[in-house]
Each structure stands twice: as C-alpha cells, then as structure tokens.
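2 protein chains.
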Amino acid sequence: MNGRMQPAEIEKRSFAIITKELGARTFPAGVEEVVKRVIHTSADFDYADNLCFSPAAVKKGKAALTAGATVVTDTNMALAGINKGMLAGLGGRAVCLMADEAVAREAKARGVTRATVSMEHAARMEGPLVFAIGNAPTALIRLHELIEEGAVSPALVIGVPVGFVNVVESKERFIGGDTPYIIARGRKGGSNVAAAIVNALLYQLVEREGF
Amino acid sequence: MNGRMQPAEIEKRSFAIITKELGARTFPAGVEEVVKRVIHTSADFDYADNLCFSPAAVKKGKAALTAGATVVTDTNMALAGINKGMLAGLGGRAVCLMADEAVAREAKARGVTRATVSMEHAARMEGPLVFAIGNAPTALIRLHELIEEGAVSPALVIGVPVGFVNVVESKERFIGGDTPYIIARGRKGGSNVAAAIVNALLYQLVEREGF
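Quick note, the sequences are listed as chains L and P, same order.
Going by our numbering, the first sequence opens with residue 628, and the numbers climb by one from there.
Going by our numbering, the second sequence opens with residue 628, and the numbers climb by one from there.
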C-alpha cells in the first residue's frame with residue numbers, strides 16, 4: 628500500500644484487475660470501456676450482465692457529445708460526478724433541473740414529481756440531448772412518453788435508475804425501441820452509474836480519439 | 628405504474644420490499660435504518676453483510692450531528708448527495724476540500740494525492756468531525772495515520788471507498804480500532820453509499836427523534 632500512488636496509476640491497475648476478473652468475456656469496442664468503468668465505480672460485476680446497449684448506442688452517444696450535446700441528469704449527484712471540464716471542452720454542458728424553482732412550483736401545482744416536470748422542461752432544450760437518469764423512474768417514464776408524443780428525440784438515453792418500485796418497468800420500456808439507449812436492466816443503477824457512463828464516453832473521445 | 632406516485636410513497640414501498648427480502652435477518656435499532664438505506668440507494672443486498680459498525684457507532688454519529696458536526700467528504704458527488712438542509716437545521720455543515728486550490732497546489736508540490744492533503748486540512752477543523760469517505764482509499768489511509776498521530780479524533784468515520792487497489796486494506800485498518808466507524812468491508816462502496824449513510828443518521832434524528 629503506497630500513499631504516494633497517484634489516482635491515474637490506481638485507475639490503471641484497477642482496470643487491469645477488472646479485465647482479468649472478467650476472464651473470457653468479450654464486449655464490442657466502446658461498450659467494453661463503458662462496462663468496465665461502471666464496474667470500476669461500483670465494484671459490482673453484475674453490470675457486465677445488466678448493461679444493455681441498443682445498436683451503435685456508444686457511437687451515437689459520442690457523436691452527440693462531439694456535437695456539443697446537453698447532458699440532462701435527474702440528480703445533482705450525477706451532475707457532480709460528470710467530468711464537466713471535458714464536456715465543456717467538446718462544447719457541451721450538463722444540467723439538472725431538479726432544484727429549479729419553476730420546476731418545483733409546477734410539480735407541486737400539478738401533483739406530479741419534480742422528475743416528471745424536469746424531463747418536460749429539458750425536452751424543450753435545443754441541440755442534441757443526452758439523458759442520464761440514475762435515480763427517478765418517473766423521469767424515465769415521462770421521458771418515454773415525451774418520445775412517443777414526438778416532443779423530444781434524444782441522441783442517447785442512459786437509463787439507470789436504481790430501486791424497487793417502478794424501476795424495472797421504467798427501464799424495460801426502452802429495450803428494443805428506436806431511441807438509442809444504454810440501460811442497466813433490473814433494480815441496480817444509480818447516480819454514480821449514470822455519471823460513470825457519461826464519463827466513459829467522454830474519456831474515449833478525449834483520451835483516446837483526440838477530440 | 629403510476630407517474631403520480633410521489634417520492635415519499637415510492638420510498639415507503641421500497642423500504643417495505645427491502646424489509647421483506649431481508650427476511651429473518653435482524654439488526655440493532657439505528658443500524659437497521661443505515662443498512663436499509665444503503666440497500667435502497669444501491670439495490671445491492673450485499674451491504675447487509677458488508678457493513679460493519681463499531682460499538683454504538685450510530686449513537687455516536689448522531690450525537691455529533693446534533694452537536695453541529697462538520698461532515699467531511701472526499702468527493703463532490705458525496706457532498707451533493709447529503710441532505711444539507713437537514714444538516715444545517717442541526718447546526719452542521721458538509722465540506723469537500725478536493726477542489727480546494729490550496730489543497731491541489733500542496734498535493735502537486737509534495738507528490739501526494741489531493742485526497743491525502745484534503746484529510747490533513749480537514750483534520751485541523753474545529754468542532755466534532757464526521758468523515759464520509761466514499762472514493763479515495765488514500766484519504767482513508769491518511770486519516771488513519773492522522774488519528775494514530777493524535778492529530779484528529781473523529782466523532783465517526785464512514786469508510787466506504789469503492790475499488791480494486793488499496794481499498795480493502797484501507798478499510799481494514801479501522802476494524803476493531805478505537806475510532807467509531809461504519810465501514811463497508813470489501814471492495815464495494817461509493818460516494819452514493821457514503822451520502823446514504825450520512826442521510827440515514829440525519830433522517831433518524833430529524834424525522835423520528837424530532838431534532
């Protein structure tokens with residue numbers, strides 16, 4: 628144990644351990660980096676099985692990020708975890724409307740969750756939108772409705788809310804659909820997982836592909 | 628699935644499911660709420676086995692919080708996840724020094740991690756200190772050294788870094804020691820888990836015990 632080991636070195640060794648423990652399992656390029664980073668952030672190898680990717684989801688997500696996408700989160704925790712410097716370097720930004728006063732007021736007046744209203748407001752934003760939902764199934768449910776209504780066409784939906792009520796069903800709505808998605812099937816997920824997936828895309832672009 | 632179900636109702640039903648699935652397992656009062664909230668935030672029942680509590684750790688942590696403790700985190704994600712309104716209502720606050728410029732400068736000059744330096748700076752703060760470490764094993768290692776040197780005497784150490792390098796060892800240093808602790812043994816943990824444990828103590832105080 629060495630207190631002088633730097634985070635970059637720790638991370639490199641961590642990924643080597645993850646690779647070794649995944650053994651003979653293989654993933655498509657791009658997908659592999661996402662799966663490993665989620666395992667890195669959770670120490671939970673279940674994500675090697677849970678994570679589902681629509682065709683070319685990683686490619687489409689990265690294309691949106693290089694086009695200056697807005698990443699919409701449903702918690703300030705996910706917002707805090709996203710590498711916003713790297714995102715800004717690509718011309719993008721990350722937002723969370725959960726603490727927005729107008730959202731809170733409207734949610735109260737209508738008797739719906741703030742997560743629901745925050746998705747409606749986010750859907751009106753300009754430019755490519757990447758949704759990173761790590762907490763609220765009601766956000767994911769409302770987002771799916773908005774897509775079906777034609778009100779929004781996300782470049783990518785990262786659907787990884789965690790929990791026991793409505794969560795599994797909210798995620799299943801996207802599986803096999805036309806909207807590009809990265810979904811953690813089942814109960815698991817979280818704001819940390821949502822941020823890790825966004826960062827896995829950013830790191831591929833900035834550290835490997837030279838954007 | 629009901630988009631109008633409010634978060635408080637979802638949470639209540641979630642805890643009922645967690646209680647049911649824990650089956651015959653029992654935990655001491657106070658501990659039970661912490662274990663269940665961590666499972667609620669991760670959907671990972673491993674925490675029913677991983678979490679280790681020193682004698683009266685929950686009681687001591689709550690006593691510190693009612694005395695206006697400063698909660699020191701090692702990530703802005705954990706900071707974002709803590710219920711800061713409730714903490715402020717008890718006269719406390721939460722801080723993360725990882726993005727502090729003086730910390731960054733000193734870490735670079737000395738060739739150590741920012742996590743290490745942030746613990747040294749936090750150790751000098753006044754009043755009861757609760758450390759909530761969800762990410763950096765080097766933070767936990769340096770904190771243990773500072774305790775051994777007599778430089779700090781935390782009211783509670785929440786030691787739940789996640790990962791594959793140095794993490795298990797950093798947590799084991801505290802097990803059986805004199806400093807009150809809540810430790811997630813093994814590789815698992817995270818900023819979300821650290822925040823959930825702090826919140827579990829706050830909710831006990833504010834919602835149940837009327838502080």
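Glycine residues also receive a C-beta, built at the ideal position from the N, C-alpha and C atoms.
In this structure, the straight-line span from the alpha carbon of S818 (chain L) to that of I760 (chain L) is close to 7 Å. Residue L:T693 holds the alpha-carbon nearest to the alpha-carbon of R720 (chain L) among L:T693, L:V739 and L:R732. P:F801 is the residue among P:G650, P:F801 and P:V779 whose C-alpha sits nearest the C-alpha of A684 (chain P). Per DSSP, I785 (chain L) is one residue of the beta strand (DSSP E) stretching across L783 to G786. DSSP, read as helix, strand or coil, puts A683 (chain P) in coil. Under the criterion of beta carbons closer than 8 Å, N677 (chain L) and G813 (chain L) qualify as touching, at roughly 5 Å. Neighbourhood of A670 (chain L) in chain P, by CB distance below 9 Å: V789, G790, F791, V794, G813, R814, K815, G816 and G817, in chain order.
Chain-ordered, the chain L residues with CB closer than 9 Å to the CB of I645 (chain P) read F791. The DSSP-derived three-state label of I637 (chain L) is helix. Under the three-state reduction of DSSP, F642 (chain P) is assigned to helix.
What S780 (chain P) touches in chain L, judged by beta-carbon distance under 8 Å, is nothing: the nearest beta carbon there is about 21 Å away. Residue pairing from DSSP places A759 (chain P) in a beta bridge opposite P:T700 and P:I785. Under a 10 Å Cβ-count criterion, D701 (chain P) is classified as buried, with 16 or more other Cβ atoms of the shown protein chains found around its own Cβ. Nearest CB-CB separation between T740 (chain L) and chain P: below the 9 Å threshold. The segment 690-746 of chain L is shown to contain whole alpha helix (DSSP H) runs of 4 or more residues at 703-708, 711-716 and 728-737, in chain order.
Remark: C-beta atoms of L828 (chain P) and V661 (chain P) approach each other more closely than 9 Å.
At a cut-off of 9 Å between C-beta atoms, M704 (chain P) counts as an interface residue with respect to chain L. For the pair G708 (chain L) and M704 (chain P), the CB atoms are nearer than the 9 Å cut-off.
The DSSP-derived three-state label of A811 (chain P) is strand. Closest by C-alpha distance to H771 (chain L), out of L:A715, L:A750 and L:D671, is L:A750.
By the Cβ-count criterion, E747 (chain L) is buried, with 16 or more other Cβ atoms from all chains shown falling within 10 Å of its own Cβ. Between L773 (chain L) and P788 (chain L), the beta carbon gap of about 16 Å keeps them out of contact (Cβ cut-off 8 Å). Put simply, the CB of P764 (chain P) is near chain L, with a gap under 9 Å to one of its CB atoms.
Using a Cβ distance threshold of 9 Å, G790 (chain P) and A670 (chain L) count as a contacting pair.
Burial state of R737 (chain L) is exposed, judged by a 10 Å Cβ sphere holding fewer than 16 other Cβ atoms.
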